[in-house]
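Residue numbers (the numbering used here): 2 to 290. Don't be surprised by glycine CBs; every beta carbon is placed ideally from N, CA and C. Note that this is a predicted model, so its numbers are computed, not measured. Quick notes on the structure that follows.
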């Protein structure tokens with residue numbers, strides 16, 4: 002089975018994907034800044050390689066050891082536009098490291114479905130601009146590519162954007178349904194996608210079985226979770242006001258505006274036919290958490 006190299010393996014979405022890649026029989030190597038920390042959160046079967054996206058030489062060494070490269074990168078909520086961004090300078094460095102590389106069979110990238118809200122209703126956010134540019138860089142590489150465009154992950158109710166202690170934090174009015182997906186289901190679809198043995202370029206929309214707006218999803222989650230949780234809903238104006246004070250609040254203000262207003266439609270049927278249908282409902286996910 003092929004060697005899969007993962008950059009971005011230790012976070013909320015990286016760990017479940019690594020787990021499913023191992024289950025599928027792949028050998029997994031990951032590039033991490035701190036191997037000691039990574040060893041505490043990743044399975045023992047994973048090979049840890051010390052490196053950083055700022056170091057092109059280490060990226061070159063890493064990609065020369067793997068058959069497929071999977072990227073799970075993001076903009077940290079507390080960061081600023083001027084900072085080094087893995088999805089901007091990091092991907093640019095990966096592209097440079099791949100110049101002349103003839104051994105890598107495929108590059109795969111976790112993007113976002115809601116990034117398509119960029120430019121709609123005058124919405125303009127540098128984070129989405131970075132994500133859109135990253136996709137274009139990857140598509141232009143002389144290597145077959147696979148890009149995943151997921152809806153909102155259920156993990157946002159456990160460790161992600163919606164969760165603050167024992168509270169589920171909402172803001173503004175959620176206008177459209179989102180097809181929440183569990184990272185475990187997504188990981189299985191990634192594994193199935195990387196089993197495809199051809200040189201085609203693929204784009205997959207990743208969505209769960211049922212659509213909920215944010216309010217209905219939060220209600221469903223707390224009604225099924227064994228933990229005692231409460232929903233706190235803030236006026237969107239509160240987010241806009243506090244967004245001017247800290248980068249983290251500013252990030253929250255923009256991502257909530259996009260999620261509340263992006264007219265998501267169900268588009269994952271072709272993905273399900275190719276990669277398998279998700280099995281975890283929001284209710285089932287909540288019962289585990």
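Counting C-beta atoms within 10 angstroms of its own C-beta, residue 246 has fewer than 16 neighbours from the protein chains shown and is therefore classed as exposed. The continuous alpha helix (DSSP H) containing residue 248 extends over residues 248 to 262.
Linking residue 169 to residue 226 through their CA atoms gives a straight-line distance of about 12 Å. Nearest C-alpha to residue 264 among 211, 125, 39, 114: 114.
Looking at the backbone, the Cα of residue 143 and that of residue 110 are separated by about 15 Å.
The three-state secondary structure of residue 189, taken from DSSP, is helix.
Within the DSSP secondary-structure output, residue 6 pairs in a beta bridge with 30, 70. Residue 268 has its alpha-carbon roughly 6 Å from the corresponding atom of residue 206. C-alpha of residue 32 to C-alpha of residue 161: approximately 23 Å in a straight line. If you ignore the 5 residues before and after residue 36, its C-beta comes within less than 6 Å of the C-beta of 49, 51, all in its own chain and listed in chain order. For residue 234, DSSP records a beta bridge to 171. Cβ-Cβ separation between residue 135 and residue 92: approximately 5 Å, consistent with a contact (criterion under 8 Å). Judged by pairs of C-beta atoms under 8 Å, the stretch 124 to 132 does not touch the stretch 187 to 197, as fewer than three such pairs exist.
For residue 151, the pairing in a beta bridge is given by DSSP as 207. Per DSSP, the beta bridge partners of residue 49 are 31. Shown here for residue 239: same chain residues with a beta carbon closer than 8 Å to its own, the five before and five after excluded, namely 172 in chain order. The Cβ atoms of residue 72 and residue 64 lie no closer than 8 Å to each other. In this structure, the straight-line span from the alpha carbon of residue 208 to that of residue 100 is close to 34 Å.
Going by DSSP, residue 271 is part of the alpha helix (DSSP H) stretching over 270 to 276. Per DSSP, the continuous alpha helix (DSSP H) segment holding residue 130 begins and ends at 127 to 141. Excluding sequence positions up to five before and after residue 133, its CB lies within less than 8 Å of the CB of 116, 119, all in the same chain and listed in chain order. Considering only 236, 47, 275, 147, the residue with the shortest C-alpha distance to residue 200 is 147. Sequence-distant partners of residue 82 (beyond 5 residues in either direction) whose C-beta falls short of 6 Å from its own C-beta, in its chain, are 127.
Comparing C-alpha distances from residue 57 to each of 39, 97, 288 shows the shortest one belongs to 97. Sequence-distant Cβ neighbours of residue 61 in its own chain, meaning closer than 7 Å and more than five residues away, are 98. When C-beta atoms of the stretch 37 to 48 are compared with those of the stretch 216 to 232, fewer than three pairs fall below 8 Å, so the two segments do not count as touching. Closest option to residue 181, judged by alpha-carbon separation, among 248, 102, 151: 151.
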